[in-house]
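Student:
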Amino acid sequence: FTEPIPILALKAEYVGAENISLTWAVSNAASNSYTYRMEVASGTSVRNLTSNVTKAEITELTPGTLYNFTVFAIANDDETEGGVSIRLYTKPSPVLDLKAEYVGVTSVNLTWMVNDATSNSYTYRIEVMSGTSVRNLTSNVTKAEITELIPGTLYDFTVFAVAADGQTEGEGLSISLYTSNGTSVRNLTSNVTKAEITELIPGTLYDFTVFAVAADGQTEGEGLSISLYTSKSQLL
């Protein structure tokens with residue numbers, strides 16, 4: 001048997017969070033008699049797989065992790081040609097539990113979670129979309145304050161976890177929110193000289209005006225006002 005020639009054009013056809021599909025080529029006419037050994041290495045972990053064709057799906061990988069894949073051609077006499085390698089990150093898993101901790105007139109505070117073992121190396125891309133306008137922001141932690149928004153406007157916020165290479169992204173998780181409208185007015189009534197006002201937005205300035213109303217339910221005195229900010233929610 002002749003010595004196998006090196007692998008050509010090793011590339012990834014698909015990169016997922018826990019699996020990667022590789023393809024490659026060989027130009028030797030005898031290549032239909034070859035088998036292929038794939039070495040899958042990450043840190044100190046090394047795993048070997050075999051394939052009878054010039055492609056393979058590698059499974060049971062860890063999300064957001066750098067792997068070195070090396071493919072060797074093996075002839076029928078077990079003569080092995082030096083391998084060809086490719087280094088790839090698996091995708092991070094999608095973020096979890098995306099929610100708004102605060103919705104203001106021109107800003108929104110978002111928080112989310114991620115459970116991957118390698119998440120301490122992640123960054124996050126936040127896509128802010130409204131109509132045809134798209135803006136991208138980054139965060140090194142699992143929270144972000146989005147500013148310079150338009151009052152009373154619907155926004156779609158999508159968060160992607162990004163692996164340590166700064167390029168490999170997981171699937172995005174989205175939330176749609178309206179920013180607060182600064183001219184919102186609500187009327188409440190009380191039969192006593194006190195009231196608890198609920199369903200307010202954290203960290204927002206409100207003007208509260210109280211009017212005394214006569215027994216006819218219509219005749220009102222002059223109102224007395226006070227302006228107060230509600231407390232901001234604590235971001236975890």
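Taking the UniProt record's numbering, the leading residue of the sequence shown gets 1, the next gets one more, and so forth. Note that the Cβ used here is the ideal one computed from N, Cα and C, for glycine as well.
Let me know the beta strand (DSSP E) ranges lying completely inside the UniProt domain "Fibronectin type-III" (94-182), each 3 residues or longer, listed in chain order.
Tutor: Here the runs fully enclosed are 96-103, 108-113, 123-130, 133-139, 143-146, 154-162, 173-178.
Student: Can you name the start and end residues of the beta strand (DSSP E) that residue 199 belongs to?
Tutor: Here residue 199 belongs to no beta strand (DSSP E), and DSSP marks it neither H nor E.
Student: Whole alpha helix (DSSP H) runs in the stretch 29-64 with 4 or more residues, listed along the chain?
Tutor: Runs found: none.
Student: Would you check if the distance between the CB atom of residue 71 and the CB atom of residue 38 is smaller than 7 Å?
Tutor: Contact flag set, yes.
Student: Looking at the secondary structure, which residues open and close the beta strand (DSSP E) in which residue 13 lies?
Tutor: Here the beta strand (DSSP E) through residue 13 covers 8-15.
Student: Which partner residues of residue 231 appear in the DSSP bridge assignment?
Tutor: In DSSP, residue 231 forms no bridge with anything.
Student: Using a 10 Å radius around the Cβ and a threshold of 16 neighbouring Cβ atoms, would you call residue 214 buried or exposed?
Tutor: Classification for residue 214: exposed.
Student: At what residues does the beta strand (DSSP E) containing residue 285 begin and finish?
Tutor: Because the chain here runs from 1 to 236, residue 285 falls outside it and cannot be looked at.
Student: Check whether the stretch 96-115 and the stretch 201-208 touch, using three or more Cβ-Cβ pairs below 8 Å as the test.
Tutor: Counting Cβ pairs under 8 Å, three or more are found: they touch.
Student: Taking the alpha-carbon positions, what's the residue 12 to residue 60 distance?
Tutor: Using only the alpha carbons, I get a separation of about 16 Å.
Student: Taking buried to mean at least 16 other C-beta atoms within 10 Å of its own C-beta, is residue 48 buried or exposed?
Tutor: Residue 48 should be labelled exposed.
Student: From this set, 122, 142, 141, 108, which residue's C-alpha is nearest residue 128's C-alpha?
Tutor: It is 108.
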